[in-house]
Every structure is written in structure tokens, then in C-alpha cells.
Amino acid sequence: MSRRRPTKRHACRSRGSAVRSDATDVPAGDPVVCRGSGGEGCGRACLGPRRRVRRTAGVAGHRARVSRLRCVILQPSYIPWRGYFHQIQKADLFIFYDDVQFDRRGWRNRNRVKTSSGVQWLTVPVNSSASSGVQWNELQIRDVTINWDTPWNRKHLETLARSYWRSPHYKRYETMLERFYSQQTEKLADLTIGMTIELARELGIEGTQFLRSSTLGAERSKTDRLIDLLSKVGATHYISGPSACDYLDEAAFASAGIALEFMSYRYPEYEQLHPPYDPQVSVLDLLMMKGPDAGRYIW
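Under the working numbering, the first residue of the sequence shown carries the number 2, and numbering increases by one thereafter.
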């Protein structure tokens, strides 16, 4: 067997993480019929059981010849639910879509956790678009700054501590949470991307590479822009959520030599500290309850 070339590491802004560009064993899956999150779906190929394949080569950020490179492109979100991490786990390369419009009512800066009094929203306050000199509809995710006029980080940490201190694995993640909320990050995307990568590692996801779309220089819009991003990294497969099968142009992807695969979110229930059961809260809930076994309730 020939010796592997030394690993190259590409700079990444997310808490010191880096993107590997050497040949590695990466996960893949077999297609099943999409049923969507509620039993109804598009009927196209979706991701099923995983198996191992070998990627022959690849340099993140540049088009490369690969036998298979599965890619996911999602907007960075605050402490996302488990389905978000399922897509990370399925991907060889995960691209944080950070150079698109910031959605003020989406999941970029907020999420839900279980508390003794019910589901509670945790929201990271952000500065108005005026502080960036643009309108809200022109503000990109990468440019959104956090508002530090109030101690929101201390409040989030206290809420999580009160909600989960009696959970089986709170002590395991207590230091991680304190680290998350002790940093005074300027940009929202820097905070959420850093959190997401560390949470992915805690879930046992080691093989996935990470990039930001803003580093790739795609200039088109909507589907054409996705295809441009995928082509720039040499992706052969694009993994998307089940709702995207209603609007993605399958013929355009096929013309670019990129196969479409759609997730099917079907997860087993687990015991939650605060009933009733809610399957769509932040992945922190699952980690607190199941610890190192959390991945068994996702993939």
C-alpha cells in the first residue's frame, strides 16, 4: 500500500477547526423511498442505512476527481435539532450557507429546549441591519452581529442548567456549555458554526469536513447557485431535506452530474426529563438524556 500524502489543513473561521483534504474513509448510504417527516414524501431517493466507501481524493474548496463526494448545504443555526446533525453525519462535506439573506424569524439565532414549565425559546439577540448600513433583506448571515447590551449568554446558560441539571448526562456537558457561553463572539455565524462543529464531535461525527459558502465565491442565485457551489467542491451527490423535493430542479442537477438525495426524518423516541415528548427541540436535550449513545437515536 502506498503511503498517504501528508494531510493539508485549510483555514476555517469556526473555533480553530480545519478542513482535511486527504483521502479518508467516509460514510455513505443506500436510497430508500422518501416519506417525509410525516409519512408523506416526494417518492424520490432518500437516505437509508449507511455503509462505508472510500473517497479517492479531494481538496476542499477546489473541484476534485472523486468516486463519491456527498455534500450538504445548510444555513448555520443556533443549537440545531437532531435532524440537522443527521445531515452532517451523512455528508462527506458540509457547507455552512452563510452568504445568503438572514431570516429574522428562522432558526439562525434561536431554538427551543425543554424546561419544567414547557418548551422555551432561547434567542441570541442581534443588532439591527442599520448597524451594518443595509436593509434587513440585504443582510447576509455572515454579517449579522450579536447584541451584547444584555447578558443573554448568562441567561441561556442558567436556563439550560435549571432545565437539565437532573438529567443523566448534564455533568458530562457542563464544561462544554460553560465554554460556549463564556465567549463574547462578535459575529452570530462564528458562534453558531463553532457550537455546531463541537456538538457534531460530541455526537461522534469525525469524518465530515466543513466549509463556509462565503469562501467559495459562488455568484448565481437559488438552484443555479447551489449547483455552482457543489461544482466548485467537486460534489457528486447533494443531500437535502425532504421538503426540497418540491422545488429543486432535478434536471439541472443531473445536467451538472450531481445526484439528488433527500433525507427522511424518522427517529425513535427517547425519554425526556420534562414531558410531553417533543421530537424537534435542540439536540442538547438528546445529549443530556442519552450522552454518548445519542447517535443511536439519530442514525
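Just so it is clear, CB atoms sit at the ideal spot from N, CA and C, and this is done for glycine as well.
What you are looking at is a predicted structure, and each value in this text was computed from that prediction instead of being measured.
- Note on the region 64-108: whole alpha helix (DSSP H) runs with a minimum of 4 residues are 83-91, in chain order.
- Taking C-beta separations shorter than 6 Å and ignoring five residues to either side along the sequence, the partners of G205 in its chain run G296, following chain order.
- Restricted to the region 194-250, the beta strand (DSSP E) segments that are unbroken, complete and at least 3 residues in length are 210-213, 238-241, listed in chain order.
- Sequence-distant Cβ neighbours of N128 in its own chain, meaning closer than 8 Å and more than five residues away, are V145, T146, I147, N148.
- Distance between M196 and D250, taken at the CA atoms: about 32 Å.
- The beta carbons of D99 and R213 sit closer together than 8 Å.
- The C-beta separation of L285 from I80 comes to about 6 Å, placing the pair in contact by the 8 Å criterion.
- For T124, there is no enclosing alpha helix (DSSP H); the residue is found in the beta strand (DSSP E) stretching over 119-124.
- Ranked by how close their Cα comes to the Cα of S117, the residues T216, P280, L227, H275 have H275 in first place.
- By the C-beta density criterion, N138 is exposed, having fewer than 16 other C-beta atoms within 10 angstroms.
- Residue nearest to K291 within the set A236, Y266, K172 is K172 (criterion: CA-CA distance).
- Counting the other Cβ atoms within 10 Å of the Cβ of S68 gives fewer than 16, which makes it exposed.
- Per DSSP, reduced to three states, the secondary structure at L140 is coil, with no helix or strand assignment.
- Rounded to whole angstroms, N154 and Y182 show a C-alpha spacing of 5 Å.
- The region 81-91 makes contact with the region 246-266, as at least three CB pairs between them are under 8 Å.
- Exposed is the label assigned to G119, since fewer than 16 other Cβ atoms lie within 10 Å of its Cβ.
- Residue pairing for I147: DSSP places it in a beta bridge opposite V127.
- Linking L287 to N110 through their CA atoms gives a straight-line distance of about 20 Å.
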